[in-house]
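Here's the structure we're looking at; comments come further down.
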Amino acid sequence: MKGFIPQETTSFVGRGPELARLEGLLAARRLLTLTGAGGVGKTRLAQHAAVRLAERAPELFPDGVWWADLAALDGDDLLLATVSDAVDLSDHSPRMPVEALCAWLAGKRLLLVLDSCEHLVAPVARLAGELLAAVPGLSLLATSRRPLECDAEQVVEVAPLPAGAESLDLFTQRVADQDPRAPAADGAAAAAEAICRRLEGIPLAIELAAAQVGPDTSVADVADRLGSRLKVLARDTGFVWPRRHLTLRATIGWSHELCAPLERLLWARLTVFRGSFDLASARAITAGGPLAADDVAACVERLVTQSVVRREGARYRMLDTIREYGREWLRELGEEERLVARHTDHFLALARWAERSWPGSDQIHGYRLVEEANTDLRTALDHLAGSDPERGAELAGLLVFFWTCCGRLKEARAALERALAGPVPPGPARTRALAALGVTLTLQGEYTEALRVSDEAVHAADADGDKEGRFGAAYLAGLLALLTGRAEDARRTVVGALTSAPGFAFDSPARLRCHLVEVFARTGLGDLERARRDALELGVHCEEIGEVWTRSYLDYQLSLIALFQGSPREAAARARTMLDAKRQLGDAFGIALGLDLLAAALAADGEAEHAVRVYGHGETYWRSVGHPQRGTPELLGVREEYERATRAALGDDGYDRAYASGASSAAVPVR
2 MKGFIPQETT SFVGRGPELA RLEGLLAARR LLTLTGAGGV GKTRLAQHAA VRLAERAPEL
62 FPDGVWWADL AALDGDDLLL ATVSDAVDLS DHSPRMPVEA LCAWLAGKRL LLVLDSCEHL
122 VAPVARLAGE LLAAVPGLSL LATSRRPLEC DAEQVVEVAP LPAGAESLDL FTQRVADQDP
182 RAPAADGAAA AAEAICRRLE GIPLAIELAA AQVGPDTSVA DVADRLGSRL KVLARDTGFV
242 WPRRHLTLRA TIGWSHELCA PLERLLWARL TVFRGSFDLA SARAITAGGP LAADDVAACV
302 ERLVTQSVVR REGARYRMLD TIREYGREWL RELGEEERLV ARHTDHFLAL ARWAERSWPG
362 SDQIHGYRLV EEANTDLRTA LDHLAGSDPE RGAELAGLLV FFWTCCGRLK EARAALERAL
422 AGPVPPGPAR TRALAALGVT LTLQGEYTEA LRVSDEAVHA ADADGDKEGR FGAAYLAGLL
482 ALLTGRAEDA RRTVVGALTS APGFAFDSPA RLRCHLVEVF ARTGLGDLER ARRDALELGV
542 HCEEIGEVWT RSYLDYQLSL IALFQGSPRE AAARARTMLD AKRQLGDAFG IALGLDLLAA
602 ALAADGEAEH AVRVYGHGET YWRSVGHPQR GTPELLGVRE EYERATRAAL GDDGYDRAYA
662 SGASSAAVPV R
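Structure, rendered in structure tokens:
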């Protein structure tokens, strides 16, 4: 199945008529919005409908069903980046983001789900209008507590489950999820029916109530206590809530009261996480006072049991409605400011660790941790922008290499420009942020602006006297020189920096990148034997310590050198090794480069049709990064040479058929 839909972690109950209606509407309408109160089941209905549609009618959306979760966005700054990421667009170009997104979706037939739009109604409505106008094959399914109010929007109000069989089925299944061996007690059915009736069929409320059933608490006990709780709240509350909102809030409040004191404290403290979290982060941020670090894991598990926290593999997440309630308690406790500061400190420390670990065996692990924590890292950046601009610049500079690897160049550029626009004093944090911005601009092809930033970074690094800052500025200047055809300038720049501060290549990430630029520069200058020797030597160390990113680009260079030296099979083998590494990193730009190089090696070995299919498959990656085929000048020449050779071998029609076959395939054999 093409696309991505979050995995359903619990059984889906009922909603047969709604699902049938949605399938019919999605086949006929291009913008459908599921509306309803929090906890009524909008997201689960959209999720299940999307899965069913992808499985039962793949011809309706042959380019897949894709999911964009907007819940963690505080504003519209990252709306386009989030949606682009959701549809696998890693745009490296300086184009307007919406232009790049429309270009990527052009010609496709797909369904895009926009989940949790209620806090971004106006910007989501604008984006939906632009996308639907520009991409005829696109359909949108949104979930929101209120309509988007777009032209041609079909609004479907999601009602609670019927108070009869479907509500009872949900309650019964969730009780069984707690303990499948639990026998049904006498009178349990009547008590369960009473619970579902009192909770008016609201799925989240029913799940929270079911979570209270246990060895010492029968279904009848839950019914009695819930009935008392609802009566008290209805009598005593001073707020004028809509009835269903009052019912859900009462149930959440009752769940809160039934938690042990440490569980309630953890519930409140966990609300500082905007995305999913792991136990290590939960311990680091929430432990303190009466809540010991050793107690956090057990308390999290008890909150999972009570349906307050959801488990997602090895990570955890809190639903928005439950987070909102817990955040109110965090404020009541007077802990919000302190917990936000701890959250920020933790994620800055994570970024520092990941950067230090980059040239070593923890590279992939660190990369994945940063990727999983991206939502909370952005939250930390937002906080630092107002509270500590210098540390904000540091965090943005630390994250840029991870962002550029996974194609989030627009996100990186926006974060760095915002950080540097603040009152950041001269010093290493500002200098490294400048160098990071320059790298981002270079990868976007904004060479004139990148040169200006590069010069500023070089001068700032000299003024700081910071060794790492100098390596970072030298890497930027060298990379920019390489991509603009100035190989000797690149070599001279990085060799000068490395000579001024001798040391082991793997002492720091920036130093290692300077060594990599030197290898590229020597290849560009035709010094192939020296480039090959240096690449092999660095590659041995990478292999020994488990470093992946640098090794992948060393394999790229060794493949190119082998091609120049008349060894196409060695070139193909090196290109395949590079591709394996780039797939581990999810580096679309690197995969595009590797596929072009593999195609050239196959062509040089006489496999013209296979080569052209690989070229065609590479085109899908070039489109995903928003650039025409590009790279260092020597690769451009290789590509042109072998494209001409394969066209001559196959003829125009044969070339076009093979290219189209590769471009339309989900995968092309590279072995």
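In the working numbering, the protein residues as written are 2 to 672. Ideal Cβ positions, reconstructed from N, Cα and C, are used throughout, including at glycine. Values in this document were obtained by computation on a predicted structure and should not be read as measured data.
### Task
Could you round the C-beta distance between residue 543 and residue 533 to whole angstroms and report it? I think they count as a contact, below 8 Å.
In the sequence shown, counting from the first residue as 1, residue 543 sits at position 542. In the sequence shown, counting from the first residue as 1, residue 533 sits at position 532. Between residue 533 and residue 543 the Cβ distance is about 15 Å, and since that is not below 8 Å, they are no contact.
### Query
Using the beta-carbon count (16 or more within 10 Å), is residue 514 buried or exposed?
Against the sequence shown, residue 514 aligns to sequence position 513. Buried, since its Cβ has 16 or more Cβ neighbours within 10 Å.
### Task
Would you mind listing the alpha helix (DSSP H) stretches within the region 395-470 that are 4+ residues and don't spill past its ends, in chain order?
410-422, 429-444, 448-465
#### Entry: Cβ neighbours of residue 364 in the same chain (closer than 6 Å, five flanking residues each side left out)
In the sequence shown, residue 364 corresponds to position 363, counting from 1. Same-chain partners within the cutoff: 548, 549.
### Task
Would you mind sorting residue 541 into buried or exposed? The rule is 16 or more other CB atoms within 10 Å of its CB.
As a position in the sequence shown, residue 541 is number 540, starting the count at 1. Residue 541 should be labelled exposed.
### Task
Can you give me the start and stop residues for the alpha helix (DSSP H) that residue 570 sits inside?
Within the sequence shown, residue 570 is the residue found at index 569, counting from 1. Looking at the DSSP string, the run of the alpha helix (DSSP H) that includes residue 570 is 569-586.
### Limits of the beta strand (DSSP E) - the one that residue 315 falls within
As a first step, residue 315 must be located in the sequence shown, where it is residue number 314. First-last for residue 315: undefined, no H or E at that position.
### Chain-order list of residues whose beta-carbon lies under 8 Å from that of residue 585 (same chain, five-residue window excluded)
For this step, residue 585 is matched to residue 584 along the sequence shown. Cβ-Cβ distances below 8 Å link residue 585 to 365, 549 in the same chain, with the five nearest sequence neighbours on each side left out; the list follows chain order.
### For residue 379 and residue 286, believed in contact at Cβ under 8 Å, the rounded distance
Taking the sequence shown and counting its residues from 1, one reaches residue 286 at position 285. Taking the sequence shown and counting its residues from 1, one reaches residue 379 at position 378. Between residue 286 and residue 379 the beta-carbon gap is near 16 Å, outside 8 Å, which marks them as no contact.
### Query
With distances taken between CB atoms, is the gap from residue 54 to residue 27 smaller than 8 Å?
Position 53 of the sequence shown holds residue 54. Position 26 of the sequence shown holds residue 27. Yes, the pair counts as a contact, with Cβ atoms nearer than the cut-off.
### Query
residue 138: which of 63, 171, 163, 210 sits nearest, CA to CA?
The residue you call residue 138 lines up with position 137 of the sequence shown. Of the candidates 63, 171, 163, 210, the one whose C-alpha sits nearest the C-alpha of residue 138 is 63.
### Query
Taking contact to mean at least 3 C-beta pairs separated by less than 8 Å, is the region 256-276 in contact with the region 289-305?
yes
#### Entry: Which of helix, strand or coil DSSP assigns to residue 91
Position 90 of the sequence shown holds residue 91. Residue 91: coil per DSSP, three-state reduction.
### Task
Pick helix, strand or coil for residue 70, following the three-state DSSP scheme.
As a working mapping, residue 70 is identified with position 69 in the sequence shown. Reduced to three states, the DSSP call for residue 70 is strand.
### Query
Near residue 579, which residues of its chain fall below 7 Å by C-beta distance, leaving aside the five closest residues on each side in sequence?
Position 578 of the sequence shown, counting from 1, holds the residue named residue 579. Around residue 579: 553, 556, 557, 560, 595.
### Close Cβ partners of residue 499 (< 6 Å) along its chain, the five nearest in sequence each way excluded
Within the sequence shown, residue 499 is the residue found at index 498, counting from 1. Cβ-Cβ distances below 6 Å link residue 499 to 515 in the same chain, with the five nearest sequence neighbours on each side left out; the list follows chain order.
### Query
DSSP puts residue 590 in a beta bridge; with which residues?
On the sequence shown, residue 590 is found 589 positions in, with the first residue counted as 1. Paired residues: none, contrary to the question.
### Query
Are the CB atoms of residue 643 and residue 604 nearer to each other than 8 Å?
Here residue 643 is taken as the residue at index 642 of the sequence shown, counted from 1. Here residue 604 is taken as the residue at index 603 of the sequence shown, counted from 1. A contact, by the Cβ cut-off of 8 Å.
#### Entry: Enclosing beta strand (DSSP E) for residue 155 [first to last residue]
One-based indexing of the sequence shown puts residue 155 at position 154. That run of the beta strand (DSSP E) goes 155-158.
### Sequence-distant residues of its chain with Cβ nearer than 7 Å to residue 282 (five each side left out)
Taking the first residue of the sequence shown as 1, we reach residue 282 at position 281. Result list for residue 282: 347, in chain order.
### Task
Could you give the DSSP three-state label for residue 141: helix, strand or coil?
As a working mapping, residue 141 is identified with position 140 in the sequence shown. DSSP places residue 141 within a strand segment (E or B) once states are collapsed to three.
### Message
At the level of alpha carbons, what is the spacing between residue 57 and residue 615?
### Response
As a first step, residue 57 must be located in the sequence shown, where it is residue number 56. As a first step, residue 615 must be located in the sequence shown, where it is residue number 614. Between residue 57 and residue 615, the C-alpha separation is close to 31 Å.
### Task
Name the two residues that bound the continuous alpha helix (DSSP H) containing residue 99.
Taking the sequence shown and counting its residues from 1, one reaches residue 99 at position 98. Membership of residue 99 in the alpha helix (DSSP H) is indicated by the continuous run 98-106.
### Message
I need the boundaries of the beta strand (DSSP E) containing residue 116, first residue and last residue.
### Response
On the sequence shown, position 115 is the one that residue 116 refers to. Counting along the chain, the beta strand (DSSP E) containing residue 116 begins and ends at 111-116.
### the region 481-491 in contact with the region 447-463 per 3-pair CB rule at 8 Å
yes
#### Entry: Simplified DSSP state of residue 10, which is helix, strand or coil
For the purposes of this step, residue 10 is taken as the residue at position 9 of the sequence shown. Coil.
#### Entry: Three-way DSSP call (helix, strand, coil) for residue 172 in this model
Within the sequence shown, residue 172 is the residue found at index 171, counting from 1. It is helical.
### Query
Is the CB-CB distance between residue 462 and residue 441 below 8 Å?
Residue numbering aside, residue 462 sits at position 461 when the sequence shown is read from its first letter. Residue numbering aside, residue 441 sits at position 440 when the sequence shown is read from its first letter. In this structure, residue 441 does not lie closer than 8 Å to residue 462 by Cβ.
### Query
Since residue 35 sits in a beta bridge, which residues does DSSP pair it with?
Within the sequence shown, residue 35 is the residue found at index 34, counting from 1. Answer by DSSP bridge pairing, in chain order: 144, 157.
### Task
Kindly indicate the opening and closing residues of the alpha helix (DSSP H) around residue 502.
Mapped onto the sequence shown, residue 502 falls at position 501. Where residue 502 is concerned, there is no enclosing alpha helix (DSSP H), given that its DSSP letter is neither H nor E.
### Query
Between the region 158-167 and the region 32-49, are three or more C-beta pairs nearer than 8 Å?
yes
### Contact the region 128-144 vs the region 164-173: 3+ CB pairs below 8 Å
no
#### Entry: Residue environment, residue 97, which counts as buried when at least 16 other CB atoms sit within 10 Å
On the sequence shown, position 96 is the one that residue 97 refers to. Exposed is the call here.
### Query
If you draw a straight line from the C-alpha of residue 241 to the C-alpha of residue 268, how long is it?
Here residue 241 corresponds to residue number 240 of the sequence shown, with the count starting at 1. Here residue 268 corresponds to residue number 267 of the sequence shown, with the count starting at 1. Unreliable positioning characterises residue 241 in this predicted model, as indicated by a pLDDT of 41, which lies under 50. A coordinate reading is not provided.
### Task
Leaving aside the five residues before and after residue 22 along the sequence, list all residues of the same chain whose C-beta is less than 8 Å from its C-beta, in chain order.
Here residue 22 refers to the residue found at position 21 of the sequence shown. Here the set comprises 157.
### Query
Counting pairs of Cβ atoms below 8 Å between the region 409-424 and the region 102-115, do you hit three or more?
no
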